[in-house]
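Residue numbers (this note's numbering), protein chains in the order written: chain A, 114 to 450; chain B, 114 to 450.
Don't be surprised by glycine CBs; every beta carbon is placed ideally from N, CA and C.
2 protein chains.
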Amino acid sequence: MEKKLPTIKEIAKRLNISVSTVSRALHDHASIGLRTKLQVKKLAEELNYVPNQTAIFFKQRKTFTIGVVLPNLREEFFSSAISGIEDTSFDNNYIALIGQSHDKLEREKTIVDTMKKHRVDGLLVSISKSTNTIEHFEALEQFNIPVVYFDRVPDAPNIHSVWCSLYHSSVGAINLLASKGHKRIGYIQGPSTMNIKNERMQGYQEGLKKNKLHYDESLVVTSDLSADSTQAAMEKLLSLKNKPTAIIAFNDYVALDAMQFARQKKIKINKDIVFVSYANLPVTHYLETPPMASVEQFPYEQGVRAAELLFKLIENKTAEETSPFENVVLYSELIIH
Amino acid sequence: MEKKLPTIKEIAKRLNISVSTVSRALHDHASIGLRTKLQVKKLAEELNYVPNQTAIFFKQRKTFTIGVVLPNLREEFFSSAISGIEDTSFDNNYIALIGQSHDKLEREKTIVDTMKKHRVDGLLVSISKSTNTIEHFEALEQFNIPVVYFDRVPDAPNIHSVWCSLYHSSVGAINLLASKGHKRIGYIQGPSTMNIKNERMQGYQEGLKKNKLHYDESLVVTSDLSADSTQAAMEKLLSLKNKPTAIIAFNDYVALDAMQFARQKKIKINKDIVFVSYANLPVTHYLETPPMASVEQFPYEQGVRAAELLFKLIENKTAEETSPFENVVLYSELIIH
DNA sequence: TCTTAAATGACAAACGTTTGCGTATTTTTT
DNA sequence: AAAAAATACGCAAACGTTTGTCATTTAAGA
């Protein structure tokens, strides 16, 4: 039996007053007498009345819900980010809907569609690897749904975004390595399909230049981030006549895979080859031979800032102000282990 | 300007037909002529019409939304679980709202309240460490909102749950260690406040008995799971006149902290002391000296099963069938590294 | 040609709230 | 004591859909 929940109407009927009076009484409206207010509240309590938010959402045209779409919740980076998003949402009385694109454009589109249907008040997005168009996000403008991109930000004008700049830390990594005497510095880069700024590479090149080191293309290899691919990339580096003595890895996982492979090849980590990587995952602190340094990208903080920006946009929207495009840049930090 | 979105009403007006006709046309109802259907669909397309789900949710009394409340999204265990939950929700056309209790009962209650307001169709819960009552969940029954607990399941009757049994793997861990000749096996247990079954301990004791080993209370120490607390626990174990040669740790993080502390004390991991722990985090595979074995608890799978069960309950509810309480038990696996 | 049935579509109620406006009663002011 | 103001509440519309019921048109059967 789908038993009906108590409504405002029910209360009105029992008390023989009108629904509007009940509604106002519940909201402590000034025009309702004290006696009535108390009566209404008492009965509401007794009946276990809870306002039907779906009705309210519908009427107010506001859901206090935001959508978060990102590639994969299992990646520590994203789960930290969403943790920040959830905390911020909680503080602002919003709640978050989640969707994983699994790096598939089609799925990303479906999710956006679902969230649109659910009439989210705003959207937080970290785009998938295969996202080569952001039309599906831009279409949300029609619906007055602001979008804030974070971390994996599309390279497009007129967007709101929060991301973490890796440029100076990348330069810093090279400085660090150069100061230790390294001259041959390899770089395992990520897949090129990613439609985002390539600050790691820019920093790498700039760092080399600053330290008067030669940029050698053979020292740059690519991994699709899978273990196999990373191994293949390492193999290339290790087969060079002039091997690198230091390697910068796209992220900690790549570094871990690379280090494991190196160990198999009887190479001593932090002696024969040192590593620097990105992300600064907590686990690296437990390693006996951790990467020499890691670039912290503050995922939690990014989540917080992105959510804050989104809420600002949502408020502004209601206030009928058009806000200019805002792009928040956090600065990564090179953490030396 | 809050520009109004196109509605069914708008379409009706433009086409000079009634809203009901438009609605039915859009739903391919049999009683609408082909001509009209095409006309309606064409105009809907042109206007970029999207049905207002909040109106539909409201009317249908169904939101196709589920709530997920768990302690912390940053923990790999939970982020994996929620990944499974999201994948399953996606396949079933549901979407998930998330809330982190941060192991605080008060916050857990607030979240449940918010989700109730949002009229979720069901709830997935992994209780917080400080949850000593489940009244706030039981109250959802009134609202016809089914609840499925997963992993951290309260020790209460008449609930639906999905969890992973650790008993046999715990026994198995002792068997493994005993077979390697270990006679002094320490155990770093988790906080006792957790209101859930203590299968690790039961397995520990049973394993000892089976292997005719003495249960020595001094070999059992407690950590609140923080690094400091784990270190203190280790200190106790290491200060015993008769030190353990093997240690079972509450989870991988505890093991990692313990191992790090042991290393500082110049103890050789896997030589002087071996570790066995729970969770089987991917990162342990990258360690030079990983725990000897780890108990895999299948968080992703738990999420999937819990979501599946919840959807079943939601459907049944609509079908007016009362389903008996269902408790799904997955079996952990002792993974030997 | 007349009756009947099928096809097509309009009307209106309902879902639970909020809110602008109007009205009746009471209180205050002069 | 009459007028003005404050107090307390009801009426009805609106938000965007879906759906049961009823009315009209068209086609088909005899």
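| task | Could you pull out every unbroken beta strand (DSSP E) segment of at least 3 residues lying fully inside the stretch 229 to 277 of chain A, listed in chain order? | result | 235 to 238, 260 to 263
| request: Leaving aside the five residues before and after A:Ala-340 along the sequence, list all residues of the same chain whose C-beta is less than 6 Å from its C-beta, in chain order. | output: Within the first sequence, numbered from 1, the residue matching residue 340 of chain A stands at position 227. For A:Ala-340, where only same-chain residues beyond five positions count, the Cβ hits under 6 Å are Asp-370.
| In the DSSP assignment, what residue or residues form a beta bridge with A:Ala-359? | Here the question's residue 359 of chain A lines up with position 246 in the first sequence. Beta-bridge pairing links A:Ala-359 to A:Ile-298, A:Val-387.
| message | Would B:Gln-415 and B:Ser-445 be called neighbours here (beta carbons separated by less than 7 Å)? | response | As a first step, residue 415 of chain B must be located in the second sequence, where it is residue number 302. As a first step, residue 445 of chain B must be located in the second sequence, where it is residue number 332. The answer is no: Cβ separation not under 7 Å.
| said: With a threshold of 7 Å between beta-carbons, can B:Ile-195 be considered close to chain A, or not? | reply: The count along the second sequence starts at 1 and reaches residue 195 of chain B at position 82. Yes - at least one Cβ of chain A is within 7 Å of the one on B:Ile-195.
| request: Could you name the residues that DSSP lists as bridge partners for A:Gly-213? | output: Sequence index remark: in the first sequence, residue 213 of chain A carries index 100 (1-based). The residue you asked about is not Gly; residue 213 of chain A is Gln in the sequence shown. Its beta-bridge partners are A:Leu-183.
| query | Is the distance from the Cβ of A:Leu-321 to the Cβ of A:Val-334 below 7 Å? | reply | Here the question's residue 321 of chain A lines up with position 208 in the first sequence. Here the question's residue 334 of chain A lines up with position 221 in the first sequence. Against a cut-off of 7 Å, the Cβ pair of A:Val-334 and A:Leu-321 comes out as no contact.
| task | State the DSSP-derived secondary structure class of B:Ser-305, mapped to helix, strand or coil. | result | Along the second sequence, one-based indexing puts residue 305 of chain B at 192. DSSP places B:Ser-305 in coil when its eight states are reduced to three.
| message | Starting from A:Glu-319, trace the alpha helix (DSSP H) in both directions and tell me its first and last residue. | response | The residue given as residue 319 of chain A occupies position 206 in the first sequence. 312 to 323 is the extent of the alpha helix (DSSP H) around A:Glu-319.
| message | Along the chain, where does the alpha helix (DSSP H) containing B:Ile-195 start, and where does it finish? | response | Residue numbering aside, residue 195 of chain B sits at position 82 when the second sequence is read from its first letter. Counting along the chain, the alpha helix (DSSP H) containing B:Ile-195 begins and ends at 189 to 204.
| query | Can the beta-carbon of A:Val-153 be found less than 7 Å from the beta-carbon of A:Val-135? | reply | Locating residue 153 of chain A in the first sequence gives position 40, where the first residue counts as 1. Locating residue 135 of chain A in the first sequence gives position 22, where the first residue counts as 1. Yes, the pair counts as a contact, with Cβ atoms nearer than the cut-off.
| field | Opening and closing residue of the alpha helix (DSSP H) in which B:Thr-343 lies | value | Sequence index remark: in the second sequence, residue 343 of chain B carries index 230 (1-based). Residues 340 to 351.
| request: Could you check the C-alpha separation between A:Asn-393 and A:Val-408 for me, to the nearest Å? | output: Numbered from its first residue, the first sequence carries residue 393 of chain A at position 280. Numbered from its first residue, the first sequence carries residue 408 of chain A at position 295. Distance between the alpha carbons of A:Asn-393 and A:Val-408: 6 Å.
| said: Quick check: the Cα distance between A:Ile-361 and B:Thr-178, rounded to an integer number of angstroms? | reply: In the first sequence, residue 361 of chain A corresponds to position 248, counting from 1. In the second sequence, residue 178 of chain B corresponds to position 65, counting from 1. Cα to Cα, A:Ile-361 sits roughly 43 Å from B:Thr-178.
| Where B:Ala-157 sits in the DSSP three-state scheme | For the purposes of this step, residue 157 of chain B is taken as the residue at position 44 of the second sequence. Three-state result, B:Ala-157: helix.
| message | Quick check on A:Pro-437 - is its C-beta less than 7 Å from some C-beta in chain B? | response | Numbered from its first residue, the first sequence carries residue 437 of chain A at position 324. No, no contact with chain B.
| task | Under 6 Å Cβ to Cβ from B:Gln-344, same chain only, skipping five residues before and after it: list those, please. | result | For the purposes of this step, residue 344 of chain B is taken as the residue at position 231 of the second sequence. Contacts found: Phe-374.
| Between A:Phe-438 and A:Asn-271, is the Cβ-Cβ spacing less than 7 Å? | Locating residue 438 of chain A in the first sequence gives position 325, where the first residue counts as 1. Locating residue 271 of chain A in the first sequence gives position 158, where the first residue counts as 1. Cβ atoms of A:Phe-438 and A:Asn-271: closer than 7 Å.
| task | Could you tell me the distance, in whole angstroms, from the CA atom of B:Met-114 to the CA atom of A:Lys-172? | result | By one-based count along the second sequence, residue 114 of chain B stands at place 1. By one-based count along the first sequence, residue 172 of chain A stands at place 59. Residue placement at B:Met-114 is poorly supported in this model, since its pLDDT is 37, which falls under 50; the coordinates still yield a value, given next. If you take the alpha carbons of B:Met-114 and A:Lys-172, they lie about 18 Å apart.
| Thinking C-alpha only, which one of B:Gly-212, B:Ile-145, B:Tyr-262 is nearest B:Val-442? | In the second sequence, counting from the first residue as 1, residue 442 of chain B sits at position 329. Looking at the Cα atoms, B:Tyr-262 is the closest of the given residues.
| request: Kindly list, in the order they appear in chain A, the residues whose Cβ is closer than 7 Å to that of B:Lys-229. | output: Stepping through the second sequence from its first residue, residue 229 of chain B is reached at position 116. Within 7 Å Cβ-Cβ: Val-163.
| said: Can you confirm whether A:Thr-201, when its beta carbon is compared against all beta carbons of chain B, has any partner nearer than 7 Å? | reply: To locate residue 201 of chain A, count along the first sequence from 1; it is residue 88. False, the Cβ-Cβ gap to chain B never drops below 7 Å.
| request: Could you name the residues that DSSP lists as bridge partners for A:Val-441? | output: Locating residue 441 of chain A in the first sequence gives position 328, counting from the first residue. Looking at the DSSP assignment, A:Val-441 forms a beta bridge with A:Val-275.
| message | B:Glu-221 and B:Ser-241 - do their beta-carbons sit closer together than 7 Å? | response | As a first step, residue 241 of chain B is located in the second sequence; it is residue number 128 there, counting from the start. As a first step, residue 221 of chain B is located in the second sequence; it is residue number 108 there, counting from the start. Closer than 7 Å, so yes.
| By Cβ distance below 8 Å, which residues in the same chain neighbour A:Asp-329 in space, the five residues on each side in sequence not counted? | For the purposes of this step, residue 329 of chain A is taken as residue 216 along the first sequence, with counting starting at 1. Excluding positions up to five away in sequence, the list reads Arg-297.
| said: For B:Ile-449, report the span of its beta strand (DSSP E) as first-last. | reply: Counting from 1 along the second sequence, the entry for residue 449 of chain B is found at position 336. Counting along the chain, the beta strand (DSSP E) containing B:Ile-449 begins and ends at 446 to 449.
| request: Give a yes or no on whether 7 Å exceeds the smallest Cβ distance from A:Tyr-399 to chain B. | output: Sequence index remark: in the first sequence, residue 399 of chain A carries index 286 (1-based). Yes, contact with chain B.
| task | Name the residue from A:Ala-420, A:Leu-423, A:Tyr-300 whose alpha carbon lies nearest to the alpha carbon of A:Lys-356. | result | As a position in the first sequence, residue 356 of chain A is number 243, starting the count at 1. Minimum Cα distance to A:Lys-356 is reached at A:Tyr-300.
| task | Could you tell me the boundaries of the alpha helix (DSSP H) in which B:Glu-123 lies? | result | Taking the second sequence and counting its residues from 1, the one referred to as residue 123 of chain B is at position 10. Segment 121 to 128, the alpha helix (DSSP H) holding B:Glu-123.
| request: Identify whether B:Ser-336 lies in helix, strand or coil by the three-state DSSP scheme. | output: As a first step, residue 336 of chain B must be located in the second sequence, where it is residue number 223. Correct three-state label for B:Ser-336: coil.
| Alpha carbon of A:Val-260 to alpha carbon of A:Val-182, nearest angstrom | The sequence position of residue 260 of chain A within the first sequence is 147, counting from 1. The sequence position of residue 182 of chain A within the first sequence is 69, counting from 1. About 11 Å.
| Which of the three DSSP states, helix, strand or coil, is assigned to A:Val-163? | Taking the first sequence and counting its residues from 1, the one referred to as residue 163 of chain A is at position 50. Coil, per DSSP.
| request: May I ask you to report which of helix, strand or coil DSSP gives B:Ile-380? | output: By one-based count along the second sequence, residue 380 of chain B stands at place 267. Looking at B:Ile-380 - three-state DSSP - the assignment turns out to be coil, as it is neither helix nor strand.
| task | Would you please state the rounded distance, in angstroms, between the beta carbons of B:Gly-303 and B:Ser-278? I believe it to be under 8 Å. | result | Sequence index remark: in the second sequence, residue 303 of chain B carries index 190 (1-based). Sequence index remark: in the second sequence, residue 278 of chain B carries index 165 (1-based). At roughly 17 Å, the Cβ-Cβ gap does not stay under 8 Å, so B:Gly-303 and B:Ser-278 are not in contact.
| request: Take every Cβ of the stretch 287 to 297 of chain A, pair it with every Cβ of the stretch 233 to 248 of chain A, and state whether three or more of those distances are shorter than 8 Å. | output: no
| request: Can you tell me which of the three DSSP states A:Ala-392 falls into? | output: What you label residue 392 of chain A is simply residue 279 of the first sequence in a count that begins at 1. Note: A:Ala-392 maps to strand in three-state DSSP.
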